[in-house]
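Numbering (our numbering), first residue to last: 1 to 364.
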């Protein structure tokens with residue numbers, strides 16, 4: 001691995017070399033470094049800098065399911081700023097479509113949207129098995145709830161699981177029972193729970209998490225927020241810091257949204273609320289409002305909603321997030337809350353930088 005090294009030997013000032021670390025001894029007190037083929041022994045100190053190698057932390061996400069199940073539509077809504085009605089013009093995916101989505105700065109989702117036609121599916125499990133299913137972090141399998149070929153769908157799903165067990169046994173598995181808006185409302189719960197029960201049984205020994213989804217409501221944001229949450233490396237630190245921030249400013253709720261997608265990546269609440277789907281609804285509403293702003297060549301910056309019982313603030317937080325703060329005491333001046341948000345930015349920006357820390361070396 002290559003590093004940029006600062007030379008401070010014999011008082012010669014600062015001269016930058018590109019070198020290669022050969023070996024380390026002790027706790028970083030002494031190391032051997034190769035510079036242009038010459039091995040040098042030097043005292044070093046470690047400090048945090050940006051490594052010259054790629055900063056991105058890539059996570060491979062497989063999006064699979066039969067043709068017409070809605071995979072590309074949901075990907076386009078979440079990551080490409082499509083609105084639901086515009087997805088009708090999307091064509092069928094041919095073979096595999098690769099896309100790299102930068103998420104929270106250093107985290108890059110390497111999305112593999114796999115076409116679901118029968119001949120493609122058979123190739124995935126035969127000639128392309130190793131390349132498709134190797135190094136997978138997350139498998140998302142999309143089921144069209146109205147698909148009549150349920151047995152074939154389940155057969156392909158089980159084939160995916162076998163390939164995952166062989167090539168990426170640590171991968172997390174999610175099943176989306178999609179197009180639930182086409183099911184009568186009084187039938188949605190029993191149909192979903194029956195499908196969920198079948199999928200969990202078929203998935204053993206792997207565990208799968210199931211969601212009901214539709215591109216026409218907030219359920220899509222609920223599912224994808226939960227999926228992306230599993231990929232965030234320092235999410236526990238993030239949640240702890242969010243809890244501390246909420247307690248310090250006496251907020252009822254604090255939500256952290258990813259800036260581009262408006263997926264909820266972390267939240268804190270001091271008490272139970274009646275609407276358990278409010279986070280996804282907010283994501284959906286603000287995303288639509290943000291898209292409306294962009295059509296007018298304007299960018300969404302912040303919003304304040306206030307009445308006699310609460311005050312809610314949505315504001316740019318870090319370079320990769322928005323924050324929403326809900327206060328049940330509307331008598332607290334807006335300026336006080338906005339100052340608290342501004343003062344917390346530095347800490348949360350530091351947390352983002354710590355997601356994939358890189359080391360550098362300074363030679364004495």
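Backbone N, C-alpha and C fix where the C-beta goes; we use that ideal spot for every residue, glycine too.
Residue range of the alpha helix (DSSP H) that residue i falls in?
i	result
residue 154	150–167
residue 235	235–249
residue 269	No alpha helix (DSSP H) contains residue 269, which is instead part of the beta strand (DSSP E) from 264–269.
residue 289	278–295
residue 196	185–203
residue 220	219–229
residue 78	71–79
Helix, strand or coil for residue i per DSSP?
i	result
residue 136	coil
residue 214	coil
residue 348	helix
residue 54	Its pLDDT being 43, under 50, residue 54 is placed unreliably by the model, and the measurement read from it follows with that caveat. In this structure, residue 54 counts as coil in the three-state DSSP scheme.
residue 145	coil
residue 353	helix
residue 258	strand
residue 122	helix
residue 87	helix
residue 182	helix
residue 46	Its pLDDT being 35, under 50, residue 46 is placed unreliably by the model, and nothing is read from it.
Looking at the unbroken beta strand (DSSP E) that takes in residue i, where does it start and where does it end?
i	result
residue 172	172–178
residue 110	107–114
residue 97	96–103
Counting only C-beta atoms, is residue i closer than 9 Å to chain C at any point?
i	result
residue 183	No chain C is part of this structure, which consists of one protein chain only.
Report, in whole angstroms, the separation of the C-beta atoms of residue i and residue j, which I expect to be a contact under 8 Å.
i	j	result
residue 66	residue 181	Between residue 181 and residue 66 the Cβ distance is about 18 Å, and since that is not below 8 Å, they are no contact.
residue 150	residue 178	With a Cβ gap of about 14 Å, residue 150 and residue 178 do not count as contacting.
residue 159	residue 135	At roughly 19 Å, the Cβ-Cβ gap does not stay under 8 Å, so residue 159 and residue 135 are not in contact.
residue 246	residue 270	7 Å
residue 227	residue 107	About 13 Å separates the two Cβ atoms, so there is no contact after all.
residue 376	residue 161	No answer is possible for residue 376: the residues shown for the chain start at 1 and end at 364.
residue 171	residue 137	6 Å
residue 277	residue 218	6 Å
residue 84	residue 78	With a Cβ gap of about 11 Å, residue 84 and residue 78 do not count as contacting.
residue 314	residue 324	5 Å
| message | So within the stretch 302–342, which uninterrupted beta strand (DSSP E) runs reach at least 3 residues, ignoring any that extend past its ends? | response | 302–306, 311–316 and 321–327
| message | I want to know whether the stretch 277–296 touches the stretch 338–350 - three or more CB-CB distances under 8 Å. | response | no
| Are the stretch 107–123 and the stretch 204–211 in contact at 8 Å, needing three or more beta carbon pairs? | no
| Are the stretch 185–203 and the stretch 58–73 touching, with three or more C-beta to C-beta distances below 8 Å? | no
| message | Would the stretch 322–329 count as touching the stretch 238–252 if we require 3 or more Cβ pairs under 8 Å? | response | yes
| message | Using 8 Å as the cut-off, can you tell me whether the stretch 186–194 makes contact with the stretch 228–238, which would need three or more C-beta pairs spanning the two stretches below that distance? | response | no
| Is there contact here, the stretch 92–109 with the stretch 253–266, by at least three beta-carbon pairs under 8 Å? | yes
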